[in-house]
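A.B. asks: Last residue of the sequence shown? That's 1655 in the working numbering, and every number before it is there in order. Note that the Cβ used here is the ideal one computed from N, Cα and C, for glycine as well. For clarity, every value in this text was computed on a predicted model and none was experimentally measured.
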Amino acid sequence: MKTLFFQNIIAPYKTLLFNALARKDGGSFLVVYLAETAGNREWKIDKEEIEFPYEVISEGREEDAGRWKSVSKAWNLLERHTPEVVVVGGYNYAAFWVAHAWAKIRKRKSLIIVESHYLDRTRRSIRERMKRAFVSRFDAALVDGTRHRDYAVSLGMPPERVFIKFGTGPIDVGMYDREVARIRPGKAAHCRSLGIPPKNFLYVGRFSVEKNLMALLRAFGRLRKDGFREWGLIMVGDGPQRRDIERFVREGGLEGVFLPGFKQRREVPLYYALSDVFILPSLSEPWGLVVVEAMASGLPVLVSDRCGCFPDAVREGVNGFSFDPNRDRSLSEKMKDIAMGRHDLAGMGARSREMAAAFTPEKAAEVYARAVEFALKGDPCMSH
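This is the structure:
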């Protein structure tokens, strides 16, 4: 076996990636998941969609899996399969550290996936030194984007060994494009049937503090007070802040907010089709996969400048805008400019759709394959 990938849980977007990689190289790899899912993940796991060899160390949630069980099973799997290359999905799990140790002891190549950037959380010097000692010992790194590359370099990875894969995972660009094109002609009728305004801002994601959703609601409230009542706000998702959000909307008498709850991947295109602009207001966001989904759906995007995807997915004034999530007025001003018709939303949405072509499973698989080949050959000419 050529390559063994370690991942924490089964994630739909990573399934798309590994399926594409299997089609590319015939499946000469194995994906090992530490667990099936996590307690804060509500997506449906459809194992019938998996087209590549895989094993799961612990059935059920990762919170219920024993750490030492994962460590011992990871070592045994490596001894059984003896891969040429080991790829670990980060530095947050003991099993990943053990997998790297195995590679060093057995003199095999190792890669690390870095899906964090410097701005996505508070950095503590002791922990950063530990990460640097770990990351710098790998043969190469796969990173989400520009900010993640810079962070990996700060952790001791030489720039020529860093491969940008553009995203936590790819998306099915064609699926979003097709579904939105199918639904959008009936947008007005759908909006009437759901009782929502004809124009809408959209958020898709977890309802939690770091997503900065109260700031989004305050900004939308100002827009309504300024008389732009033809605009609504659709918030798709669920999470620990849901009751706080419902209370804020109810007690503030904030009209035009629609909360349809959590939706599975194939249900979400409906809401992209009913919307005109996508907003991701996060205070902390390692990447922001939903931004790429919105782009594939032909929407302009308003993205917090703290989001990992911002430098790679947003071109100011071309397909969207950035804003400072720590300043409510920064978002309010952008929303008001849009509501006043100061921007060509159709043109910006078209540019988003074109740019989304960079985030396909096939392109991500190509980067993964190049990184593995680089680790095996050590050829700096193949770096990216």
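Just curious, the alpha helix (DSSP H) that Ile1280 is in, first and last residue?
C.D. replies: Taken as a continuous stretch (DSSP letters only), Ile1280 belongs to no alpha helix (DSSP H), as it is neither H nor E.
A.B. asks: I think Ala1404 touches Met1428, with their Cβ atoms under 8 angstroms apart; what is that distance to the nearest whole Å?
C.D. replies: Their Cβ separation, rounded to whole angstroms, is 12 angstroms, which puts Ala1404 and Met1428 out of contact at 8 angstroms.
A.B. asks: Sort Ala1621, Pro1552, Tyr1543 by Cα distance to Met1446 and report the nearest one.
C.D. replies: Of the candidates Ala1621, Pro1552, Tyr1543, the one whose C-alpha sits nearest the C-alpha of Met1446 is Tyr1543.
A.B. asks: Which complete alpha helix (DSSP H) runs does the region 1474-1553 hold, if anything under 4 residues is left out?
C.D. replies: 1484-1496, 1513-1522, 1540-1544
A.B. asks: CB-CB under 8 angstroms to Lys1375, same chain, minus the five flanking residues each way: which ones, in chain order?
C.D. replies: If we look at Lys1375 and ignore the five residues flanking it on each side, its Cβ neighbours are Ser1381, Arg1408.
A.B. asks: Ends of the beta strand (DSSP E) at Arg1332?
C.D. replies: 1325-1332
A.B. asks: Could you give the first and the last residue of the continuous beta strand (DSSP E) run that contains Glu1307?
C.D. replies: Start and end: 1300-1308.
A.B. asks: Could you check the C-alpha separation between Phe1289 and Met1611 for me, to the nearest Å?
C.D. replies: 44 angstroms
A.B. asks: Helix, strand or coil for Cys1462, going by three-state DSSP, please let me know.
C.D. replies: helix
A.B. asks: Between which two residues does the alpha helix (DSSP H) containing Lys1375 stretch?
C.D. replies: Where Lys1375 is concerned, the enclosing alpha helix (DSSP H) stretches over 1365-1376.
A.B. asks: Output needed for Pro1468: all residues of its chain with C-beta closer than 8 angstroms, excluding positions within five of it in sequence on either side, in chain order.
C.D. replies: Cys1462, Arg1500, Glu1501, Trp1502, Gly1503, Gly1527
A.B. asks: For Arg1570, name the three-state secondary structure that DSSP assigns.
C.D. replies: Per the sequence shown, residue 1570 should be read as Leu rather than Arg. It is coil, neither helix nor strand.
A.B. asks: If distances are taken between C-alpha atoms only, which option among Ala1646, Phe1533, Glu1637, Leu1647 comes closest to Leu1292?
C.D. replies: Glu1637
A.B. asks: Can you list, in chain order, the stretches of the alpha helix (DSSP H) that have 4 or more residues and sit fully within the region 1381-1408?
C.D. replies: Listed in chain order, the complete alpha helix (DSSP H) runs (minimum 4 residues) inside the region 1381-1408 are 1396-1406.
A.B. asks: Near Pro1354, which residues of its chain fall below 7 angstroms by C-beta distance, leaving aside the five closest residues on each side in sequence?
C.D. replies: Met1272, Lys1273, Thr1274, Leu1275, Arg1379
A.B. asks: Sort Gly1508, Leu1570, Glu1481 by Cα distance to Glu1556 and report the nearest one.
C.D. replies: Glu1481
A.B. asks: Take Asp1669 as the anchor and find which of Phe1645, Gly1492, Lys1648, Tyr1639 has the nearest alpha-carbon.
C.D. replies: The question about residue 1669 has no answer, for the chain in this structure spans 1272 to 1655.
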